[in-house]
Amino acid sequence: MNKTVVLIATGGTIASTEDAAEGAVNANLSGHDLLARLHSRPEGISVREEAFGALGSYALDLGMAHRLCRRIAAILENPEVVGVVVTHGTDTMEESAYLSDILVTSEKPVVFTGAQRHAGEPDTDGPRNIADAIRCAASDALRGIGTVVLFEGDIHAAREVSKTHTSRVDAFRSAGLGKLGEVDGGEVYLYRRPTQRVHVATKRLESRVELMLLGLGSSPEYLDFCLQSGVKAVVLAAFGRGNAPRGFADAVRRLSTHNIPVIVASRCPEGRTLPVYGRDSGGCSLAAAGAYFSGSLSPIKARLLMSALLGAGLTAAELTAKIRGAGAS
Ligand code: ASP
């Protein structure tokens with residue numbers, strides 16, 4: 079009997095064609111259209127498609143991404159379904175995929191994929207990526223490893239992957255760690271399993287979590303602006319091990335005393351944050367001012383984790399434990 083996989087279409091380049099009148103590329107194809115364009119259907123797998131939307135992923139927001147995750151979880155409760163494929167724009171794919179990783183508790187595979195060349199291009203990469211993603215979603219090897227991104231034959235953990243090229247078809251990398259596996263000749267190969275998954279049970283995501291990329295001599299004024307404007311947490315994409323320009327430690331203290339968590343992640347794509355340096359807003363003075371450190375979790379993923387943790391209404395002690403767990407692997 080065939081295995082059943084559900085494909086949820088959300089839009090993105092993979093579902094886009096060029097509108098000659100507008101002179102722009104827009105998402106307009108349904109999941110049904112995407113399946114009709116496959117070069118060949120993976121054998122032994124029935125695919126049911128479900129519409130979610132047809133948007134560029136730059137236009138999605140946290141509410142929509144949360145709705146998508148709830149839908150994935152509901153579909154996977156059906157015992158007839160072995161896995162889910164989500165077709166998604168590449169710009170924010172790593173974010174929706176990571177949210178799915180922390181919110182969806184099913185052991186069944188969830189596989190995000192997309193394309194860099196739109197569906198109207200003769201050498202679009204969409205159909206091959208979809209076929210490979212369907213194979214992954216139906217594969218027993220991928221059970222229990224969390225949400226993955228399948229792109230250009232490579233399988234990446236949602237927690238570890240980022241889009242690293244604006245236009246090439248091999249756009250995704252897991253810096254410092256590498257892919258989990260690959261699809262080659264229609265076969266799924268898994269080389270390693272992620273060691274830790276953090277789950278967050280929440281009915282809502284806190285959308286007022288801001289992210290600040292630090293540069294040489296950046297001003298901490300933005301942190302005070304966040305405090306005044308009712309932001310609920312701030313993630314700093316800080317230097318190296320987790321250091322910031324002068325003045326940031328004092329600003330972090332002002333936010334901490336108002337129970338606004340500040341999370342220090344690193345703008346380096348590889349390695350972990352750790353308080354090492356002292357005065358002038360080195361990591362130790364940020365920690366002393368109350369900042370949390372994200373370990374190996376990237377700034378973009380740390381922001382989503384905070385949205386979920388604050389949405390779940392965790393206490394400061396629970397926040398500390400969860401952030402430590404999420405940043406440990
Ligand atoms: N460049 C994007 C894509 O690959 C646009 C988007 O994220 O929707 O789909």
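If you read the sequence shown in the working numbering, its first letter stands for residue 79, the second for the next number, and so on.
We put the beta carbon where it would ideally sit given N, CA and C, even for glycine.
(message) Just to confirm, is the Cβ distance from residue 235 to residue 160 under 8 Å?
(response) The sequence position of residue 235 within the sequence shown is 157, counting from 1. The sequence position of residue 160 within the sequence shown is 82, counting from 1. No.
(message) Is residue 218 near the ligand ASP - that is, is its Cβ less than 7 Å away from at least one heavy atom of it?
(response) Counting from 1 along the sequence shown, the entry for residue 218 is found at position 140. Not so, every heavy atom of the ligand ASP lies at least 7 Å from the Cβ.
(message) Using a Cβ-based criterion (distance less than 7 Å to any ligand heavy atom), does residue 169 qualify as near the ligand ASP?
(response) Within the sequence shown, numbered from 1, the residue matching residue 169 stands at position 91. Yes, the ligand ASP has a heavy atom inside 7 Å of this Cβ.
(request) Can you say whether residue 265 is buried or exposed, counting buried as having 16 or more other CB atoms within 10 angstroms of its CB? (result) What you label residue 265 is simply residue 187 of the sequence shown in a count that begins at 1. Of the other Cβ atoms in all chains shown, fewer than 16 fall within 10 Å of the Cβ of residue 265; this residue is therefore exposed.
(request) With DSSP collapsed to three states, give me the class of residue 338. (result) Translated into the one-based positions of the sequence shown, residue 338 becomes position 260. Residue 338 falls in the coil class under three-state DSSP.
(request) Tell me whether residue 79 sits in a helix, a strand or coil according to DSSP, three-state version. (result) Residue numbering aside, residue 79 sits at position 1 when the sequence shown is read from its first letter. Residue 79 falls in the coil class under three-state DSSP.
(request) In the DSSP assignment, find the unbroken alpha helix (DSSP H) run with residue 267 in it and report its ends. (result) Position 189 of the sequence shown, counting from 1, holds the residue named residue 267. DSSP places residue 267 outside any alpha helix (DSSP H); the residue lies instead in the beta strand (DSSP E), whose first and last residues are 265-268.
(request) State whether the region 290-306 contacts the region 393-404, with contact taken as three or more CB pairs (one from each stretch) at a distance under 8 Å. (result) By the criterion of at least three beta-carbon pairs nearer than 8 Å, the region 290-306 is not in contact with the region 393-404.
(request) Find out if the Cβ-Cβ distance for the pair residue 362, residue 318 is shorter than 8 Å. (result) Here residue 362 refers to the residue found at position 284 when the sequence shown is read from its first residue. Here residue 318 refers to the residue found at position 240 when the sequence shown is read from its first residue. At a Cβ-Cβ threshold of 8 Å, residue 362 and residue 318 do not count as neighbours.
(message) Going by DSSP in three states, residue 126 sits in which element: helix, strand or coil?
(response) To locate residue 126, count along the sequence shown from 1; it is residue 48. Here residue 126 sits in strand by DSSP.
(message) Could you tell me which whole alpha helix (DSSP H) segments of length 4 or greater appear in the region 267-341?
(response) Counting only runs of at least 4 residues, the region 267-341 fully encloses the following alpha helix (DSSP H) elements, listed from N- to C-terminal order: 299-306, 326-335.
(request) Report the option in 230, 178, 191 whose CA atom is closest to the CA atom of residue 168. (result) What you label residue 168 is simply residue 90 of the sequence shown in a count that begins at 1. Per the Cα distances, 191.
(message) At the level of alpha carbons, what is the spacing between residue 84 and residue 115?
(response) Indexing the sequence shown from 1 puts residue 84 at position 6. Indexing the sequence shown from 1 puts residue 115 at position 37. Rounded to the nearest angstrom, the two C-alpha atoms are 17 Å apart.
(message) Distance check for residue 91 and residue 195, CA to CA, integer angstroms please.
(response) As a position in the sequence shown, residue 195 is number 117, starting the count at 1. As a position in the sequence shown, residue 91 is number 13, starting the count at 1. Each residue's alpha carbon lies about 7 Å from the other.
(message) Which residue marks the beginning of the beta strand (DSSP E) containing residue 154, and which one marks its end?
(response) Counted from its first residue, the sequence shown places residue 154 at position 76. The continuous stretches of beta strand (DSSP E) do not include residue 154, which lies in the alpha helix (DSSP H) extending over residues 140-154.
(message) Can you tell me whether residue 98 is helix, strand or coil according to DSSP?
(response) Taking the sequence shown and counting its residues from 1, the one referred to as residue 98 is at position 20. In the structure shown, residue 98 sits in coil (DSSP, three-state: anything other than H, G, I, E or B).
(request) Starting from residue 92, trace the beta strand (DSSP E) both ways and give me its first and last residue. (result) The count along the sequence shown starts at 1 and reaches residue 92 at position 14. From DSSP, residue 92 is part of no beta strand (DSSP E); its letter is neither H nor E.
(message) For residue 252 and residue 229, I'd like the C-alpha separation in whole angstroms.
(response) Position 174 of the sequence shown, counted from the start, is the residue given in the question as residue 252. Position 151 of the sequence shown, counted from the start, is the residue given in the question as residue 229. The alpha-carbon of residue 252 is positioned some 12 Å away from that of residue 229.
(request) Report the partner residues of residue 370 according to the DSSP bridge assignment. (result) As a first step, residue 370 must be located in the sequence shown, where it is residue number 292. According to the DSSP secondary-structure assignment, residue 370 is paired through a beta bridge with 341.
(request) Return the bridge partner residues of residue 161 from the DSSP annotation. (result) Walking along the sequence shown from the start, residue 161 turns up at place 83. For residue 161, which the question treats as bridged, DSSP gives the partners 83.
(request) Could you name the residues of the same chain whose beta carbon sits closer than 8 Å to that of residue 94, not counting the 5 residues immediately before and after it, in chain order? (result) Against the sequence shown, residue 94 aligns to sequence position 16. For residue 94, where only same-chain residues beyond five positions count, the Cβ hits under 8 Å are 103, 104, 105, 106, 107, 134, 196, 197, 198.
(message) For residue 262, report the span of its beta strand (DSSP E) as first-last.
(response) Position 184 of the sequence shown, counting from 1, holds the residue named residue 262. Its beta strand (DSSP E) spans residues 259-262.
(request) Counting only the same chain and skipping the five closest in sequence on each side, list residues whose C-beta sits under 7 Å from that of residue 205. (result) For the purposes of this step, residue 205 is taken as residue 127 along the sequence shown, with counting starting at 1. The answer, listed in chain order, is 115, 116, 117.
(request) Would you tell me roughly how many angstroms separate the C-alpha atoms of residue 385 and residue 144, rounded to the nearest one? (result) What you label residue 385 is simply residue 307 of the sequence shown in a count that begins at 1. What you label residue 144 is simply residue 66 of the sequence shown in a count that begins at 1. Cα to Cα, the separation comes out at about 11 Å.
(request) Could you check which residue in 152, 162, 98 has the C-alpha nearest to that of residue 124? (result) The residue labelled residue 124 in the question sits at position 46 within the sequence shown. Taking residue 124 as reference, the option from 152, 162, 98 with the minimal CA-CA separation is 162.
(request) Taking the CB atoms as reference points, tell me whether residue 261 and residue 231 lie closer together than 8 Å. (result) If you number the sequence shown from 1, residue 261 lands on position 183. If you number the sequence shown from 1, residue 231 lands on position 153. Residue 231 sits close to residue 261, with the two beta carbons spaced by under 8 Å.
(message) Count Cβ pairs between the region 264-280 and the region 295-314 that sit closer than 8 Å; are there 3 or more?
(response) These segments do not touch.
(request) Work out the CA separation of residue 208 and residue 164 for me, nearest whole Å. (result) Indexing the sequence shown from 1 puts residue 164 at position 86. Indexing the sequence shown from 1 puts residue 208 at position 130. Cα-Cα distance, rounded: 9 Å.
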